[in-house]
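S.K.: In order, the protein sequences belong to chains A and B.
Residue numbers for the first sequence follow the numbering used here, so the first one is -10 and each next one is one higher.
Residue numbers for the second sequence follow the numbering used here, so the first one is 7 and each next one is one higher.
Quick reminder that beta carbons are idealized off the backbone N, C-alpha and C, glycines included.
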Amino acid sequence: MDFRVGDDQRALAEGIRAMVAGRLPLERLRAREGDDRAIGDDDWAALTETGVFALTLPEPAGTGLGMADAVVVFEELGRALVPGPLVGTFLAASAGLVHGAAEGGAKVGVHDAGAGPILVEHLASLDGLLVFGSGGGRGARLLAPAPDSAGAERLLAPLDPLTPMWRLEALPDGEPVADPEDRLARHGALLTAALQVGHATEALDLAVAYAKERHQFGKPIGSFQAVKHMCADMLVRAEVARAGVHAAACLADAPDVVASEAQGAGCAPGEFFERAVRGAKLLADEAALGNARGAIQVHGGMGFTWEVPLHLHLKRARVLSTTFGTPADQAAAMAAYA
Amino acid sequence: MDLRYTASEQAFRAELRGWLAATLPAVGEPPPHDDWPARRAFDLRWQHLLFEAGYAGVDWPVEGGGRGASPVEQLIFKEECERAGAPYVGVNFVGLLHAGPTVIAEGTRAQKERYLPAILRGEEVWCQGFSEPDAGSDLASLRTRALRDGDHYVVTGSKIWTSYAFVADFCELLVRTGDEGNRGITWLIMPMDSPGIEIRPLRTIAGTLEFAELFLHEVRVPVANRVGEENDGWRVTMVTLSFERGTAFVGELLECVRLLRELRQLVARLGLQGDAGLARRIGHLVAAFDALWALTKRNVSEATRTGVPGVGGSVFKLSFSEHSQALGDLAMEVLDRAALCADPLLGSDGSALGNDEQLAAWFKAISSTIAAGTSQVQRNIVGERILGLPRSR
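1. Name, going along the chain, the residues of the region 56 to 70 of chain B whose beta-carbon falls closer than 8 Å to a beta-carbon of chain A.
2. Alpha carbon to alpha carbon, what distance is there between residue 86 of chain B and residue 78 of chain B?
3. Residue 244 of chain A to residue 257 of chain A, Cα distance in whole Å?
4. Going by Cα to Cα distance, which pick from B/392, B/348, B/274 and B/265 is closest to residue 331 of chain B?
5. Using CA coordinates, which residue listed in B/220, B/339, B/306 and B/31 is at the minimum distance from residue 75 of chain B?
6. Between the region 131 to 147 of chain B and the region 159 to 175 of chain B, do at least 3 Cβ pairs fall closer than 8 Å?
7. Using the rule of at least 16 other Cβ atoms within 10 Å of the residue's Cβ for burial, across every protein chain shown, is residue 156 of chain B buried or exposed?
8. Tell me the start and end of each unbroken alpha helix (DSSP H) in the region 166 to 237 of chain A that is at least 4 residues and wholly inside, in chain order.
9. Restricting to Cα atoms, I'd like to know which of B/141, B/181 and B/364 is closest to residue 335 of chain B.
10. Note down, one range per segment and in chain order, each alpha helix (DSSP H) of at least 4 residues found wholly within the region 276 to 335 of chain B.
11. Tell me residue 196 of chain B's beta-bridge partners as DSSP assigns them.
12. Terminal residues of the continuous beta strand (DSSP E) containing residue 218 of chain B?
13. Under 6 Å Cβ to Cβ from residue 292 of chain A, same chain only, skipping five residues before and after it: list those, please.
14. Counting only C-beta atoms, is residue 84 of chain B closer than 7 Å to chain A at any point?
15. Quick check on residue 199 of chain A - is its C-beta less than 7 Å from some C-beta in chain B?
16. Nearest chain C C-beta to residue 393 of chain B closer than 7 Å, yes or no?
17. With the cut-off set at 7 Å, would you say residue 345 of chain B and residue 361 of chain B are in Cβ contact?
18. Can you tell me whether DSSP reads residue 38 of chain A as helix, strand or coil?
19. Excluding the 5 residues flanking residue 49 of chain B on each side, which residues of the same chain have their C-beta closer than 6 Å to its C-beta?
20. Given a threshold of 16 other Cβ atoms within 10 Å of its Cβ, counted over all protein chains shown, does residue 33 of chain A qualify as buried or as exposed?
21. By the 10 Å Cβ neighbour count, where 16 or more other Cβ atoms means buried, how is residue 271 of chain B classified, buried or exposed?
22. Nearest chain A C-beta to residue 389 of chain B closer than 7 Å, yes or no?
23. Give me whichever residues DSSP pairs with residue 208 of chain B in a beta bridge.
24. Pop quiz: residue 221 of chain A and residue 304 of chain B are said to be a contact at Cβ under 8 Å. What is the actual Cβ separation, rounded to whole angstroms?
25. Taking only the alpha-carbon atoms, compute the straight-line gap between residue 372 of chain B and residue 86 of chain A and give it to the nearest angstrom.
26. Using 7 Å as the threshold, is the C-beta distance between residue 82 of chain B and residue 23 of chain B below it?
27. Here's a check: name, in chain order, each residue in its chain whose Cβ is nearer than 8 Å to the Cβ of residue 162 of chain A, leaving out the five neighbours to either side.
28. Hey, out of B/217, B/11, B/201 and B/122, whose CA is closest to residue 42 of chain B's CA?
29. State yes or no: is the C-beta of residue 213 of chain A within less than 7 Å of the C-beta of residue 174 of chain A?
30. Taking only beta-carbon atoms, is residue 244 of chain A less than 7 Å away from chain B?
31. Answer with buried or exposed for residue 110 of chain B, where buried requires no fewer than 16 other C-beta atoms within 10 angstroms of its C-beta.
32. Residues of chain B with CB closer than 7 Å to the CB of residue 239 of chain A, please, in chain order.
33. Quick one: what does DSSP say residue 39 of chain B is sitting in, helix, strand or coil?
34. Are residue 323 of chain A and residue 283 of chain A touching if we call contact CB-CB under 7 Å?
35. Please confirm if residue 235 of chain A has its CB atom under 7 Å from at least one CB of chain B.
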């Protein structure tokens, strides 16, 4: 057993980080705040060229990697606040559901069929929409083409300025997607959890950097234990969640390990994998939300403004915490596995 | 990132599991908590069984007489022992996990030959004399004084939190031989039958006599019992800490997983399974303990490559201790008035409520943010050594 992040995975993450820093820096992304389309076609092409959506497709169409590699990549996308229908497009590409998803020709969104108003993200950009059962549950349906945004109500004040939203009166039925073992729902939750770990990590890094540089009472505020201990708690939240996400990703790649671990735990393999993913999503949601809040507190008044990007991390984390099940959904489902 | 065990790791697990299944039925139930002579006999017998089977000092290097198992094998060892319900390390704790590794790393050849085999065979018990009433988190301020008198040190002072003191043969003792601070400290082996040692039990919050206070009145300790150089004891102590391979709390973590499972069964028996708030708190703890198990595997994997568990040790302890407290609090709420006594109680269906064990775990969890480095000290370590924030002091 070697559960360290491998050298190849570190290199992959650094490559994505460098690409995003060069091609999709935050000031460029923020130029589209309030836009119908949160990410431009050329920026989407940059992601596609890097192979982000085809990571797990076999060569030559993809790079033949696993979910353990995909989560490392999605952590970087979360850190950098890259907007757009990232998870749905990855799922559609990896399962071959929508032509062109892997190559940048099609964007696919996700939607949780829960109670309450039907709010769909990125609708104007979408070529397809994957609809999942409520609370990260089973039964995926594919709407392709996606519902026409022209017939939907564009919301004028979406929480996240880089996640445009539309309200629909009703969703068409769409086509049921063959999804053995709820693979799409689980992998979608896992990738969303990876984005959240990215947000948690970036919020921590921003807080620590500020705590070192900001002086009050003649000292860096990070020398005060009240601030230092908040930062320590943020690291703990991020690292525990990351371990959970990475473990679930390893299980996604290793059915043999799932089978043997499930046997030891006295449950079906599918249940064991669901437990790993739901637990990871729960802790990742909490880490992203908790660390964004913590980083805002460390930044004081500036944290409450648009001058620093922490509000974007907090808002994106809230958006992501409502897809593939809320923390409350995950916790309720996890109780069965005690 | 790979969670697959290698063939040799699987073979290690299978062999150990077979041995535990064959051996444990004859081991019997542990004696009552406060019957120290019986506990000593029970724990030493278990250690001797481990020794005869080649599992004594599984984490010790081969040159120290141990098995030299890899960190992953150490993890498997602790996991299998906990799952099989094997006896806890008990009175062998200090010898196996602290004093022995220190002697291996820093002792003379004569000291290794004298002390190590007896620890491994389950013949001698050690205790620890580090903390003092006025030197807790700030251990380097310790004041127990050792004055040189020929080929002896004459030691006067007091020590606290000394578990197993009543049944120990030796004490690993930190004394002040030089100036203030961590450069004036020396590491000694003090025979517990030396004249001048007074032991006063300290009753814990759980009512048990786990700890003791040691009062040392001019205790004569041979200079030959010094490990490392005079005034170099702080470094000697730190070397031992580097023996940790990320497996320190494996038994406690798996115990919490078991207690949570029993709590959920109790919730069902009490007809509380429809309580959504309760269910979510249980579910949250499942997620937390699962992730901490994953973090354990990560730390062990780091230790395999680098020799130390990386940043993970403090991170693990901070998170685990708080979740173990959350579990304890939840159990107390579920048990309601049944948690008001530690006598084993039966529910209306005639089966055990488990209140005795949950109550003990609740108390133990309270100590977990204090013992082995308080959570406040751990947060300083994380903040300063991992995040690089400026020192507070």
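M.R.: The short version:
1. none
2. Your numbering for residue 78 of chain B matches position 72 in the second sequence. Your numbering for residue 86 of chain B matches position 80 in the second sequence. One C-alpha to the other measures close to 12 Å.
3. On the first sequence, position 255 is the one that residue 244 of chain A refers to. On the first sequence, position 268 is the one that residue 257 of chain A refers to. Each residue's Cα considered, the two are about 12 Å apart.
4. The residue given as residue 331 of chain B occupies position 325 in the second sequence. It is B/265.
5. Taking the second sequence and counting its residues from 1, one reaches residue 75 of chain B at position 69. The residue with the shortest Cα to Cα distance from residue 75 of chain B is B/306.
6. yes
7. On the second sequence, position 150 is the one that residue 156 of chain B refers to. Answer is exposed; the Cβ neighbour count stays below 16.
8. Whole alpha helix (DSSP H) segments, 4+ residues: 172 to 202.
9. The residue labelled residue 335 of chain B in the question sits at position 329 within the second sequence. When each option's Cα is compared against that of residue 335 of chain B, the closest is B/364.
10. 282 to 312
11. As a position in the second sequence, residue 196 of chain B is number 190, starting the count at 1. According to DSSP, residue 196 of chain B bridges with B/177.
12. As a working mapping, residue 218 of chain B is identified with position 212 in the second sequence. Taken as a continuous stretch (DSSP letters only), the beta strand (DSSP E) holding residue 218 of chain B covers 217 to 228.
13. The count along the first sequence starts at 1 and reaches residue 292 of chain A at position 303. The answer, listed in chain order, is 285 and 299.
14. Indexing the second sequence from 1 puts residue 84 of chain B at position 78. Not an interface residue.
15. Translated into the one-based positions of the first sequence, residue 199 of chain A becomes position 210. It does not: the Cβ of residue 199 of chain A has no partner Cβ on chain B nearer than 7 Å.
16. Protein chains in the displayed structure are A and B, and chain C is not among them.
17. As a first step, residue 345 of chain B is located in the second sequence; it is residue number 339 there, counting from the start. As a first step, residue 361 of chain B is located in the second sequence; it is residue number 355 there, counting from the start. Closer than 7 Å, so yes.
18. For this step, residue 38 of chain A is matched to residue 49 along the first sequence. Looking at residue 38 of chain A - three-state DSSP - the assignment turns out to be helix.
19. Residue 49 of chain B sits at position 43 when you count from the first residue of the second sequence. Contacts found: 96, 97 and 98.
20. Looking up residue 33 of chain A in the first sequence gives position 44. So residue 33 of chain A ends up on the buried side.
21. The count along the second sequence starts at 1 and reaches residue 271 of chain B at position 265. It counts as exposed.
22. Sequence index remark: in the second sequence, residue 389 of chain B carries index 383 (1-based). Chain A, which has a Cβ nearer than 7 Å to the Cβ of residue 389 of chain B, makes this yes.
23. Looking up residue 208 of chain B in the second sequence gives position 202. According to DSSP, which records beta bridges pairwise, residue 208 of chain B is partnered with B/217.
24. By 1-based counting over the first sequence, the position of residue 221 of chain A is 232. By 1-based counting over the second sequence, the position of residue 304 of chain B is 298. Not confirmed; about 18 Å, so no contact.
25. Your numbering for residue 372 of chain B matches position 366 in the second sequence. Your numbering for residue 86 of chain A matches position 97 in the first sequence. So the two alpha carbons sit approximately 52 Å from each other.
26. As a first step, residue 82 of chain B must be located in the second sequence, where it is residue number 76. As a first step, residue 23 of chain B must be located in the second sequence, where it is residue number 17. No, Cβ-Cβ distance for residue 82 of chain B and residue 23 of chain B is not below 7 Å.
27. Position 173 of the first sequence, counting from 1, holds the residue named residue 162 of chain A. Here the set comprises 130.
28. Indexing the second sequence from 1 puts residue 42 of chain B at position 36. Ranking B/217, B/11, B/201 and B/122 by CA distance to the CA of residue 42 of chain B puts B/217 first.
29. For the purposes of this step, residue 213 of chain A is identified with residue 224 of the first sequence, where counting begins at 1. For the purposes of this step, residue 174 of chain A is identified with residue 185 of the first sequence, where counting begins at 1. Result no, Cβ atoms of residue 213 of chain A and residue 174 of chain A do not sit closer than 7 Å.
30. Numbered from its first residue, the first sequence carries residue 244 of chain A at position 255. Judged by the 7 Å Cβ criterion, residue 244 of chain A is not in contact with chain B.
31. Here residue 110 of chain B corresponds to residue number 104 of the second sequence, with the count starting at 1. With 16 or more Cβ atoms within 10 Å of its Cβ, residue 110 of chain B is classed as buried.
32. As a position in the first sequence, residue 239 of chain A is number 250, starting the count at 1. Ordered by position in chain B, the residues that pass the 7 Å Cβ test against residue 239 of chain A are 7, 8 and 9.
33. Translated into positions along the second sequence, residue 39 of chain B becomes position 33. Coil, per DSSP.
34. Position 334 of the first sequence, counted from the start, is the residue given in the question as residue 323 of chain A. Position 294 of the first sequence, counted from the start, is the residue given in the question as residue 283 of chain A. Against a cut-off of 7 Å, the Cβ pair of residue 283 of chain A and residue 323 of chain A comes out as no contact.
35. The residue given as residue 235 of chain A occupies position 246 in the first sequence. Yes - at least one Cβ of chain B is within 7 Å of the one on residue 235 of chain A.
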